[in-house]
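J.: My questions will all concern the structure given below.
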Amino acid sequence: MKEIQTIVAAYRELLRNESELVALATVVSVKGSVYRRPGARMLISTQGHSLGAISGGCLEGDVVERASQVMTSGQPQLVVYDTTSDGDTVWGLGMGCNGEVQVLIEPVSAGTDPHPIKMLETLLSESAPLVWAMVVKTTDLNSVSVGSHLLLRSDESVESSIPNQALAKLLVADAGQVFRHQKSELKEYLVEGVATEVFLEFLESPQPLVIFGAGYDALPLVALGKELGWQVSVIDHRPAFARAERFPLANQVIQSHPENISNHVKLTPRTVAVVMTHNYQRDGEILKALLPFPLPYIGMLGPKRRTDALLNDLQGAGFEITPDQRQRIFGPVGLDIGAETPEEIALSIIAEIRAVISGHQAGFLRQRMGPIH
Numbered sequence: 002m003k004e005i006q007t008i009v010a011a012y013r014e015l016l017r018n019e020s021e022l023v024a025l026a027t028v029v030s031v032k033g034s035v036y037r038r039p040g041a042r043m044l045i046s047t048q049g050h051s052l053g054a055i056s057g058g059c060l061e062g063d064v065v066e067r068a069s070q071v072m073t074s075g076q077p078q079l080v081v082y083d084t085t086s087d088g089d090t091v092w093g094l095g096m097g098c099n100g101e102v103q104v105l106i107e108p109v110s111a112g113t114d115p116h117p118i119k120m121l122e123t124l125l126s127e128s129a130p131l132v133w134a135m136v137v138k139t140t141d142l143n144s145v146s147v148g149s150h151l152l153l154r155s156d157e158s159v160e161s162s163i164p165n166q167a168l169a170k171l172l173v174a175d176a177g178q179v180f181r182h183q184k185s186e187l188k189e190y191l192v193e194g195v196a197t198e199v200f201l202e203f204l205e206s207p208q209p210l211v212i213f214g215a216g217y218d219a220l221p222l223v224a225l226g227k228e229l230g231w232q233v234s235v236i237d238h239r240p241a242f243a244r245a246e247r248f249p250l251a252n253q254v255i256q257s258h259p260e261n262i263s264n265h266v267k268l269t270p271r272t273v274a275v276v277m278t279h280n281y282q283r284d285g286e287i288l289k290a291l292l293p294f295p296l297p298y299i300g301m302l303g304p305k306r307r308t309d310a311l312l313n314d315l316q317g318a319g320f321e322i323t324p325d326q327r328q329r330i331f332g333p334v335g336l337d338i339g340a341e342t343p344e345e346i347a348l349s350i351i352a353e354i355r356a357v358i359s360g361h362q363a364g365f366l367r368q369r370m371g372p373i374h
């Protein structure tokens, strides 16, 4: 998500120079062992400047050269990099991976239609997941052009620039499947004798992180969350602490008491929360307010016995806590990495959240059986 945010911001800056052309390179398919996954992007200007990455550094130079050709011709280009054999040195790239990467390079200008950067802006502005179906290859450019797209929103509304209605209907159905599985894929269609390859990309909205407590140790947690492109909110009931100037990187800083939390932030099945007010009674009130919502992660700062005591107090006061709710509480918060400083603790918390939302166990990769992705 941070990469998309950076690319959109860079493109807006480049628009100030109306003569500036850019190209957008997108990984649309991978096989075998590669560094980046489908959806990785790279923005290239006419001056040869680039932003983002579509590999570990071995493909970028070649992509910049091809992007220059694309901007000159105005025609998109699908490039296949295959390093599954020893012959990869024919490109002089010296790639250290062992896989195949397909990269679509598109020319982009203010008048481009459909406009790929504007599609990314839609994702950021709506703060809701999308499925973006983009044509990357076709045997008949008169039937459908490369770069044509279909956008499926979470409310099932559709935006399309694909003239072939039969193809569009198939894409809507498959985009719905991608939405449900939340996994991008490259698919081939044969419609009315025309073969078309389409990249159906699941684009998730920024990860919402709500931090309760505006103390000094919340600062690095906000910074790391924003570095990942997350939507970070800070909530504290104290006016002296809940100030925007204290947390300039946060998306919002809110002064609120626990019972009014839901009036200020959306607590959805994607929202993750960290409770770090350093006040026992306040933490209990916040925990009581959060548990009825389907948050997948509630991190509690402090030792395990403190969290257990908070839960016991809530139950003693007649508040029922289900096994599912207990499973979603992480206290003490963070991974066991030997963290001591606020920055190290923030790192352990962010890493644990990332592991939880991605469904990983957060062990050492060298001990993982099977592929990483």
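Just so we're on the same page, this note's numbering is the position in the sequence shown counted from 1, plus 1.
We put the beta carbon where it would ideally sit given N, CA and C, even for glycine.
Treat the numbers as computed from the prediction; the structure is a model and nothing was measured.
Could you tell me whether the region 256-269 touches the region 283-302, using the rule of 3 or more Cβ pairs below 8 Å?
T.: They touch, by the three-pair rule.
J.: Spatial neighbours of A245 within its chain, please: C-beta separation below 6 Å, excluding the five flanking residues on both sides.
T.: Excluding positions up to five away in sequence, the list reads V254.
J.: When the distance is taken between beta carbons, is V145 closer than 8 Å to P164?
T.: Yes, they are a contact pair.
J.: Which one of Q316, P304 and L268 has the shortest CA to CA distance from P295?
T.: Per the Cα distances, L268.
J.: Should T90 go down as buried or exposed, given a rule of 16 or more other Cβ atoms within 10 Å for buried?
T.: Below a pLDDT of 50, predicted positions are generally treated as unreliable, and T90, at 40, falls in that range; the measurement from the model is reported next regardless. It counts as exposed.
J.: For the pair the region 272-281 and the region 296-304, tell me if three or more CB-CB distances fall below 8 Å.
T.: Yes, the region 272-281 is in contact with the region 296-304.
J.: Counting pairs of Cβ atoms below 8 Å between the region 215-232 and the region 149-169, do you hit three or more?
T.: Judged by Cβ distances under 8 Å, the region 215-232 makes no contact with the region 149-169, as fewer than three pairs qualify.
J.: Taking 8 Å as the threshold (C-beta atoms), are P297 and I358 in contact?
T.: In contact: I358 and P297 (Cβ atoms closer than 8 Å).
J.: Between G230 and M2, how many whole angstroms is the CB-CB distance? I'm expecting something under 8 Å.
T.: Contact flag correct, Cβ pair sits at about 4 Å.
J.: Using the beta-carbon count (16 or more within 10 Å), is E14 buried or exposed?
T.: Exposed.
J.: Going by DSSP, which residues form a beta bridge with R151?
T.: With the sequence shown as reference, residue 151 is identified as Leu, and Arg is not the correct amino acid for it. Its beta-bridge partners are A134 and S161.
J.: At which residue ranges does the region 334-363 contain complete alpha helix (DSSP H) runs of 4 or more residues, listed in the order of the chain?
T.: Counting only runs of 4 or more, we get 343-359.
J.: DSSP state of R369, grouped into three classes?
T.: Correct three-state label for R369: coil.
J.: So G226 packs on L210, CB below 8 Å; how close in whole Å?
T.: About 5 Å; that satisfies the 8 Å criterion.
J.: Determine, using beta carbons only, whether H174 and A134 come nearer to each other than 8 Å.
T.: Before going on, a small fix: residue 174 reads as Ala here, not His. Contact: no.
J.: Starting from D237, follow the beta strand (DSSP E) in both directions and report where the run begins and ends.
T.: Start and end: Q232 to D237.
J.: Is DSSP giving E286 helix, strand or coil here?
T.: In the structure shown, E286 sits in a helix (DSSP, three-state: H, G or I).
J.: According to DSSP, is E228 part of a helix, a strand, or is it coil?
T.: Three-state result, E228: helix.
J.: Buried or exposed for E1, going by 16 or more other Cβ atoms inside 10 Å?
T.: In the structure as shown, the chain starts at 2 and stops at 374, and residue 1 therefore has no counterpart that could be examined.
J.: Helix, strand or coil, according to DSSP, for G100 in the structure here?
T.: Strand at G100.
J.: Whose C-alpha, out of P324, Q368, G332 and G317, is nearest the C-alpha of T308?
T.: Among P324, Q368, G332 and G317, the Cα nearest to that of T308 belongs to G332.
J.: Applying the criterion that 16 or more other CB atoms from any shown protein chain within 10 Å of the CB defines a buried residue, is R369 buried or exposed?
T.: The residue in question, R369, is exposed, as its Cβ has fewer than 16 Cβ neighbours within 10 Å.
J.: Looking at L22: is its Cβ nearer than 8 Å to the Cβ of R42?
T.: No, Cβ-Cβ distance for L22 and R42 is not below 8 Å.
J.: Using only CA atoms, which one of T272, S158, L201 and V179 lies nearest to I212?
T.: Nearest of T272, S158, L201 and V179 to I212, Cα basis: T272.
J.: Rounded to whole angstroms, how far is the Cβ of V132 from the Cβ of L201, which I believe are closer than 8 Å?
T.: Confirmed, Cβ separation roughly 6 Å.
J.: Take V137 and list the residues in its own chain whose beta-carbon comes closer than 6 Å to its own, dropping the five residues that flank it on each side.
T.: The answer, listed in chain order, is V29, L79, L105, E198 and F200.
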